[in-house]
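Student: Take 8 as the starting number for the sequence shown in our numbering and just add one per residue.
My questions will all concern the structure given below.
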Amino acid sequence: MRRWNGWGDDAKTYPLPESAAGHLERILGEADPVPDASFEQVLSAVPASRLSPHPLINTNPAERLLHARGQSLPDWIALRSGQIDVFPDGVTYPTSDEEVRSLLTYAGETDTILIPYGGGTSVVGHINPLPGDRPTLTVDMNRLNKLINLDETNRTATFEAGITGPSLEEELRTRGCILGHFPQSWEFSTLGGWIATRSSGQQSYFYGRVEDFFAGGHLESPIGPLELPPLPASAAGPDLREMVLGSEGRLGIITRATIRVQSTPEVERFYAAFFRDWETGVNAVRAVAQSDLPVSMLRLSNPQETETTLRLAGRERLVSFAERGLRLLGRGEESCMLIYGLTGYRGILAITRWRTGALLRSHGGLLVGKTIGEMWRKSRFYTPYLRNTLWERGYAVDTLETAVSWANVLPIAEAITTALRDGLTDQDERVLAFAHLSHIYRDGASVYVTFIFRRAKDPAETLERWQRLKSAASEVIIAHGGTISHQHGVGTDHAPYLTAEKGEVGMSMLVAVQQKLDPQGLLNPGKLLR
Ligand SMILES: Cc1cc2nc3c(=O)[nH]c(=O)nc-3n(C[C@H](O)[C@H](O)[C@H](O)COP(=O)(O)OP(=O)(O)OC[C@H]3O[C@@H](n4cnc5c(N)ncnc54)[C@H](O)[C@@H]3O)c2cc1C
């Protein structure tokens, strides 16, 4: 069963290896975990629903609690402490376009806010009901979860939008195809959610970002349906798919989407290499990105992340072996680890491996084969479970991300991690902050930062620590000309920073489109556009 106040399936846990626990304690100090509120305690705080009855609406308090928050750190603080200020007044599970339309009509007639809900894995406040006088209804898409059609000739597949990553890939796998969109939240996030947040998978370098594979679809808006025909290309004016991508539930409810799929690759392998320091590694990765070698993933960790990742892997012998080996080869504490993936036909892969290896070596890379790469592959969806373990040990974890052009990659990574590390010094609290390049482009990269700090006894104080750290990092991102989000979207948390990227004219264009499609402001107000 899915955890109600944390990440993932409650049958899965990520025990913290002793060396990792010691590492955290040395850096952050011993933590003092505060017990969580129980489900029953939080349930008893759910107020009466304000919705007028409707056959499609469930007002059961447990359903409402399970849809009250997403997966951001403020969401965790609210869920774990039981201090949830607002709950949706009801939850609905439509099974057809007609039902979605009837819900939009009901919302218009009763002035009810609708929050489209995919997997609820948002990390920026997308699906949270906000305080106000109007009742809120969460529209959970999980019953719209079927494959409608696989077009073998065009290599496109049409799915209902509420399908999750594993179900979608299973449907495709049995037909010899793959989408290859693997965000770390893949287990629970949905096709509609990926489109509405402009999500990026771990191997988007090879399989494409959502804007590459989203060919068309269907959206139900308050003023009527919008059909996006799945054309291979079009010069017929601005592309309306771009309006729907990243719309965060503000323009309508995506009920189905046609996506571009590919044949299942013959072989896929992950390898690791080490670099003497971060700068050398960044230069090597840029060289690969600009060489046009068909690699499928490049993920370069900075020294602090390299050390933490190896410790968290829990392979004590492997870690000490790696450390000894790196020291012998003159690669010490500043070592950076690269995980790279190769995907495709066996023969092409052999050549790619050889050419990529030669290029990495020419930049000082030490190739260490498949073991660490395979470890990464096996734990790629398991690592987020560590958030549960760390929380229970008294530590809070969050991540943030941006994308910048190459000249800015090193400065922004340094500035964000420094702002985070220094963010709580006046409280005498330390912060562990580390970064990796998660998505690589010819002209730049996304910088993904993880930060860990001790929780306070009082949840309000933990939230206040997070707010200070998050705004310090966000200010740095804006000051360096980075995007406020490469993949997590805007929601409520990033909305104050959106104008810096879009400008006043750009913002007024977005608002005009939103007001045209949703004149009553029924859909997810307060998210994306304030
Ligand atoms: C542990 C973890 C790891 C993550 N890793 C990644 C990652 O690697 N890459 C990445 O891109 N993101 C990642 N995320 C963020 C999150 O998973 C993505 O934003 C994802 O796309 C959200 O999908 P969802 O189905 O859960 O949408 P939800 O969280 O339910 O909703 C997100 C937004 O989309 C809207 N929406 C959802 N479905 C529809 C629909 N059918 N029609 C209209 N609007 C809709 C909602 O209203 C909301 O505004 C991660 C999150 C977590 C918790």
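Note that the Cβ used here is the ideal one computed from N, Cα and C, for glycine as well.
1) List in chain order: all unbroken beta strand (DSSP E) runs of 3+ residues lying wholly within the region 240 to 327.
2) Note the first and the last residue of the continuous beta strand (DSSP E) segment covering A27.
3) Flag A531 as yes when its Cβ comes closer than 7 angstroms to any non-hydrogen atom of ligand 1, and as no otherwise.
4) Return the bridge partner residues of T9 from the DSSP annotation.
5) Would the beta-carbon of G5 fall within 8 angstroms of that of G187?
6) At a cut-off of 7 angstroms, is G528 close to ligand 1 when judged by its beta-carbon and the heavy atoms of the ligand?
7) My output table needs one value for Y124: the three-state DSSP class, helix, strand or coil.
8) List the endpoints of the continuous alpha helix (DSSP H) containing L157.
9) Find the nearest neighbour of L144 within the set R248, G256 and F213, judged by alpha-carbon distance.
10) With a threshold of 6 angstroms on Cβ separation, who are the neighbours of A114 within its own chain once the five nearest residues in sequence on each side are excluded?
11) Should D405 be labelled buried (16 or more other beta-carbon atoms within 10 Å of its own) or exposed?
12) Starting from P526 and walking both ways along the alpha helix (DSSP H), at which residues does that stretch end?
13) Which of the three DSSP states is assigned to T406 in this structure?
14) Taking only three categories from DSSP, how would you classify G538?
15) Is DSSP giving Y352 helix, strand or coil here?
16) Would you kindly report the start and end of the unbroken beta strand (DSSP E) that includes R180?
17) Do P229 and D525 have their beta-carbon atoms positioned less than 8 angstroms apart in this structure?
18) Inspect the beta-carbon positions of S3 and V130 and report whether they are closer than 8 angstroms.
19) Output the distance between the C-alpha atoms of G451 and T390, rounded to the nearest integer angstrom.
20) Determine the contact status of T160 and G77, defining contact as a CB-CB distance below 8 angstroms.
21) Determine which residues share a DSSP beta bridge with G223 and list them.
22) Beta carbon of I379: closer than 7 angstroms to some heavy atom of ligand 1?
23) So for Y113, helix, strand or coil by DSSP?
24) Contact check, G125 vs G29 under 8 angstroms by CB: the rounded distance?
25) Kindly confirm or deny that the region 33 to 47 and the region 412 to 421 touch, where touching means at least three C-beta pairs closer than 8 angstroms.
26) Please determine, among P310, T262, E273 and A294, the residue with the shortest C-alpha to C-alpha distance to W285.
27) Could you tell me the distance, in whole angstroms, from the CA atom of R9 to the CA atom of Y392?
28) Answer yes or no: the CB of A357 versus the heavy atoms of ligand 1, is any distance below 7 angstroms?
29) What is the rounded straight-line gap between the Cα of T66 and the Cα of P54?
30) Going by beta carbon distance, what residues of the same chain come within less than 6 angstroms of P123, once the five residues before and after it are set aside?
31) On the premise that V483 lies in contact with L535, defined as a C-beta separation below 8 angstroms, what is that separation, rounded to the nearest angstrom?
32) For the beta strand (DSSP E) that contains G231, what are its first and last residues?
33) I'd like to check one pair, L427 with V458: are the Cβ atoms closer than 8 angstroms?
34) When you compare each of L305, E436 and S59 to G380 by their alpha carbons, which one comes out closest?
35) Residue range of the beta strand (DSSP E) that S453 falls in?
36) How would you write the range of the beta strand (DSSP E) that D147 sits in, first residue to last?
Tutor: This is what the structure holds:
1) Listed in chain order, the complete beta strand (DSSP E) runs (minimum 3 residues) inside the region 240 to 327 are 260 to 267, 274 to 282 and 302 to 308.
2) Taking the sequence shown and counting its residues from 1, one reaches residue 27 at position 20. Per DSSP, A27 lies in no beta strand (DSSP E) segment; the continuous alpha helix (DSSP H) that holds it begins and ends at E25 to L35.
3) Along the sequence shown, one-based indexing puts residue 531 at 524. Checking the sequence shown, residue 531 turns out to be Asn, not Ala. Indeed, a heavy atom of ligand 1 lies less than 7 angstroms from the Cβ.
4) Along the sequence shown, read from residue 1 onward, the residue named residue 9 stands at position 2. The sequence given here places Arg at residue 9; Thr does not occur at that position. When beta bridges are read from the DSSP output, R9 appears opposite D16.
5) This structure gives no information on residue 5, because the portion of the chain shown stretches from 8 to 537.
6) As a first step, residue 528 must be located in the sequence shown, where it is residue number 521. Between ligand 1 and the CB of G528, the shortest heavy atom gap is not smaller than 7 angstroms.
7) Locating residue 124 in the sequence shown gives position 117, where the first residue counts as 1. In the displayed model, Y124 falls within a strand according to three-state DSSP.
8) If you number the sequence shown from 1, residue 157 lands on position 150. Element bounds for L157: not the alpha helix (DSSP H) but the beta strand (DSSP E), L154 to D158.
9) Against the sequence shown, residue 144 aligns to sequence position 137. Per the Cα distances, G256.
10) Numbered from 1 along the sequence shown, position 107 holds the residue referred to as residue 114. Within the same chain, A114 has close Cβ partners L121 and L529.
11) Counting from one through the sequence shown, the residue named residue 405 turns up at place 398. D405 sits buried, since 16 or more C-beta atoms from the chains shown fall within 10 Å of its C-beta.
12) In the sequence shown, counting from the first residue as 1, residue 526 sits at position 519. For P526, there is no enclosing alpha helix (DSSP H), since its DSSP letter is neither H nor E.
13) For this step, residue 406 is matched to residue 399 along the sequence shown. The answer is strand: DSSP assigns T406 an E or B state.
14) Since the first and last residues shown for the chain are 8 and 537, residue 538 lies out of range.
15) Here the question's residue 352 lines up with position 345 in the sequence shown. Coil at Y352, not helix or strand.
16) Within the sequence shown, residue 180 is the residue found at index 173, counting from 1. Counting along the chain, R180 falls outside any beta strand (DSSP E), though it belongs to the alpha helix (DSSP H) covering G172 to R180.
17) Translated into the one-based positions of the sequence shown, residue 525 becomes position 518. Translated into the one-based positions of the sequence shown, residue 229 becomes position 222. Note that the C-beta distance between D525 and P229 is below 8 angstroms.
18) Residue coverage of the chain in this structure runs from 8 to 537, which leaves residue 3 outside it and unanswerable.
19) One-based indexing of the sequence shown puts residue 451 at position 444. One-based indexing of the sequence shown puts residue 390 at position 383. Straight-line spacing of the CA atoms in G451 and T390 works out to 26 angstroms.
20) By 1-based counting over the sequence shown, the position of residue 160 is 153. By 1-based counting over the sequence shown, the position of residue 77 is 70. The criterion of a C-beta distance shorter than 8 angstroms is not satisfied by T160 and G77.
21) Residue numbering aside, residue 223 sits at position 216 when the sequence shown is read from its first letter. Partner(s): T265.
22) On the sequence shown, residue 379 is found 372 positions in, with the first residue counted as 1. Not so, every heavy atom of ligand 1 lies at least 7 angstroms from the Cβ.
23) For this step, residue 113 is matched to residue 106 along the sequence shown. In the three-state reduction of the DSSP assignment, Y113 falls in the helix class, which pools H, G and I.
24) On the sequence shown, position 118 is the one that residue 125 refers to. On the sequence shown, position 22 is the one that residue 29 refers to. Wrong, their Cβ atoms sit about 39 angstroms apart, outside the cutoff.
25) Output reads no: the region 412 to 421 does not touch the region 33 to 47.
26) Walking along the sequence shown from the start, residue 285 turns up at place 278. Out of P310, T262, E273 and A294, P310 has the C-alpha closest to the C-alpha of W285.
27) On the sequence shown, position 2 is the one that residue 9 refers to. On the sequence shown, position 385 is the one that residue 392 refers to. Roughly 12 angstroms between the two C-alpha positions.
28) One-based indexing of the sequence shown puts residue 357 at position 350. Relative to the non-hydrogen atoms of ligand 1, the Cβ of A357 never comes closer than 7 angstroms to any of them.
29) In the sequence shown, counting from the first residue as 1, residue 66 sits at position 59. In the sequence shown, counting from the first residue as 1, residue 54 sits at position 47. Taking the straight line joining both Cα atoms gives about 11 angstroms.
30) Locating residue 123 in the sequence shown gives position 116, counting from the first residue. Taken in chain order, the residues that qualify are V146, G256 and I260.
31) Within the sequence shown, numbered from 1, the residue matching residue 535 stands at position 528. Within the sequence shown, numbered from 1, the residue matching residue 483 stands at position 476. Contact check for L535 and V483: beta-carbon distance about 22 angstroms, past the 8 angstroms limit, so the pair fails to qualify.
32) By one-based count along the sequence shown, residue 231 stands at place 224. Where G231 is concerned, the enclosing beta strand (DSSP E) stretches over G231 to L235.
33) Here residue 458 corresponds to residue number 451 of the sequence shown, with the count starting at 1. Here residue 427 corresponds to residue number 420 of the sequence shown, with the count starting at 1. One detail in the question is off: residue 458 reads as Phe in this sequence, not Val. Result yes, Cβ atoms of F458 and L427 sit closer than 8 angstroms.
34) Here residue 380 corresponds to residue number 373 of the sequence shown, with the count starting at 1. Among L305, E436 and S59, the Cα nearest to that of G380 belongs to L305.
35) Start at 1 with the first residue of the sequence shown, and residue 453 comes out as number 446. Per DSSP, S453 belongs to the beta strand (DSSP E) from G451 to R461.
36) What you label residue 147 is simply residue 140 of the sequence shown in a count that begins at 1. Unbroken beta strand (DSSP E) run through D147: T143 to D147.
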